[in-house]
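Each residue of the sequence shown is one higher than the last, beginning at 36 in the working numbering. Built from N, CA and C at the ideal position, the CB exists for glycine as well. Remember, it's a predicted structure, so these values are computed and weren't measured experimentally.
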Amino acid sequence: MKVMIRKTDAGLSAYVPKKDLEEPIIGVENEELWGGSITLRNGWRLVLPDLPRDTPLPVTVEARKISDED
């Protein structure tokens with residue numbers, strides 16, 4: 036699924052256009068963000084692609100949903 040990752044005043048956020056859903060990112064598997072999973076406030080876990088550490092935000096990526104606690 037397409038996901039836009041961006042920085043907000045409160046931290047990192049993920050927007051899923053197909054679901055019209057924006058949630059704060061509350062957990063990251065890898066400190067550099069890319070190539071690991073992230074956890075959204077609603078319980079979703081998404082795997083992000085392996086991108087360079089200095090990838091500028093905002094960026095839209097193809098992510099894979101691996102968990103849905105909602």
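Check, Outcome
"Length of the line joining the Cα atoms of tryptophan 79 and alanine 45", "19 Å"
"Complete runs of the beta strand (DSSP E) confined to the segment 80-104 [at least 3 residues]", "80-82, 94-97, 99-102"
"Strand pairing of arginine 41, partner residues [DSSP]", "Ser48"
"Proline 52 burial status per 10 Å Cβ neighbour count (16 or more: buried)", "exposed"
"Beta-carbon gap between leucine 83 and leucine 68 smaller than 8 Å", "yes"
"Status (buried if at least 16 other CB within 10 Å, exposed otherwise) for threonine 74", "buried"
"Paired residues, beta bridge with glutamate 57 - DSSP", "Tyr50"
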